[in-house]
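To keep things clear, I will list the structure first and then write my remarks on it.
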Amino acid sequence: MESQYLINLMNYKPTFASNSPFSIWHKLPFVRRSSVLVLLFLGKQGELRVVLTKRSRKLRNFSGHISLPGGKVDGGLESEWQCSRRETEEEIGISRHNDLLKNQFGFVIEELKVLPTYLARTFLGVSPCIGFINWLDEEKAGNFNDQHVSNIVLNPGESSSIFSVPLKDFLQPKPRRYELKECLKQSYIKTKWGGISWNLRSFIFPISNNENEVEWLEEIQDLSSASEPGSEDETHEDQEFGIRTRNCWGLTANILRDLAEVVYTGDPGSIIGEEELIKGLIDGGQMKGKERSEFEKKMINNVKGCSFEEGVGGDAKFKELKKLYSGI
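In terms of the UniProt record's numbering, the sequence shown opens at residue 1 and continues consecutively.
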């Protein structure tokens with residue numbers, strides 16, 4: 001059982017900005033705070049799996065993308081966990097209340113760890129909360145046919161589908177002796193955003209006929225359809241493998257790669273999140289209110305010649321950040 005690897009996660013000590021004991025997330029105005037729930041559970045082969053969703057086409061940002069359930073905080077007093085659990089309930093129906101989950105279904109979501117904050121391309125601070133579905137009844141824990149999470153209901157305005165994939169498939173580079181369980185193809189390039197090194201990762205998974213999927217996810221109606229206008233377009237990967245595929249990329253892919261490294265190796269091997277960059281932006285007068293600054297708008301739109309040097313308050317800080325993130 002891969003649950004034994006969770007000890008690596010429990011022993012992991014996050015590094016926050018300026019070696020603070022607290023994440024930079026708490027110094028952001030609440031309109032710039034968001035969090036996601038990385039919900040892990042044990043699959044049929046004893047493997048750790050992670051719950052993912054496809055964002056609704058109705059959403060303004062990142063519509064149709066593969067993502068983790070989550071979103072913006074409701075107010076300044078809402079914590080990372082409160083936000084991620086509430087958003088998960090609103091998007092896919094899994095209650096934020098462990099007492100209810102325990103009484104109705106026989107499991108709780110153990111709140112294991114909060115990773116350092118990542119910077120989203122929309123200039124939000126994203127806090128990943130790592131949870132684990134713990135079946136309290138020994139019979140249910142050992143019998144997948146008895147496991148039911150029957151309150152899952154997709155909110156069509158938020159999510160169009162829900163599924164799971166093996167966490168270990170996000171190890172990148174792939175370990176030499178490890179055969180990918182479900183991931184059809186991995187890709188990884190180092191690029192730059194505003195003059196600072198950035199990871200662009202991609203993980204391609206098949207859409208259907210997954211014999212490893214658990215019953216309580218298989219039975220959820222997929223609200224997306226290849227025949228509907230605005231549905232997933234056929235991609236190069238679809239043509240390459242002869243089946244419809246999902247592409248998990250961007251921020252979600254980076255979070256899951258970093259988590260997989262912590263869980264399976266005990267060492268992320270690189271900086272997790274963008275805490276120091278976010279601190280530099282705050283110190284430079286950015287990430288203040290709901291409205292994006294002119295600098296932020298230029299960065300979001302990838303305006304040629306725009307650099308983080310403008311947003312972090314000068315050349316010295318910019319050089320320090322470039323050096324810090326050069327090895328990611």
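Every residue gets a Cβ at the ideal spot worked out from N, C-alpha and C, and that includes glycine.
With a beta-carbon spacing of about 5 Å, residue 107 and residue 133 fall inside the 8 Å limit used to define contacts. Note on the UniProt domain "Nudix hydrolase" (31-188): whole beta strand (DSSP E) runs with a minimum of 3 residues are 33-42, 48-55, 70-72, 107-114, 125-135, 159-166, in chain order. Here residue 290 carries a coil assignment [DSSP, helix/strand/coil].
Assigned with DSSP and collapsed to three states, residue 322 falls in helix. Sorting 74, 81, 71 by C-alpha distance to the C-alpha of residue 109 places 81 at the top.
Residue 41 has its alpha-carbon roughly 30 Å from the corresponding atom of residue 198. Annotation: residue 195 to residue 149 spans about 45 Å, alpha carbon to alpha carbon. Setting aside the 5 residues that flank it on each side, residue 325 is surrounded in the same chain by 196, 197, each with a C-beta closer than 6 Å to its C-beta; the list follows chain order. When DSSP states are grouped into helix, strand and coil, residue 257 belongs to the helix group. The C-alpha of residue 255 lies about 12 Å from the C-alpha of residue 50.
Of the other Cβ atoms in all chains shown, fewer than 16 fall within 10 Å of the Cβ of residue 136; this residue is therefore exposed. In this chain, the beta strand (DSSP E) harbouring residue 249 covers 245-249.
Within the model, the alpha-carbon separation for residue 105 versus residue 126 is close to 30 Å. For residue 199, there is no enclosing alpha helix (DSSP H); the enclosing beta strand (DSSP E) has its first and last residue at 196-206. In the DSSP assignment, the residues bridged to residue 192 are 197. Taking the C-beta atoms as reference points, residue 93 is found no nearer than 8 Å to residue 189.
Rounded to the nearest whole angstrom, the CA to CA distance from residue 117 to residue 23 is 7 Å.
Secondary structure note for residue 277: its alpha helix (DSSP H) is the uninterrupted segment 275-283. A straight-line Cα-Cα distance of about 15 Å links residue 176 and residue 260. For residue 321, same chain residues with a beta-carbon under 8 Å away, outside a window of 5 residues either side, are 196, 276, 277, 280, 308, 312 in chain order. Per the coordinates, the alpha-carbon of residue 7 lies some 14 Å from the alpha-carbon of residue 14.
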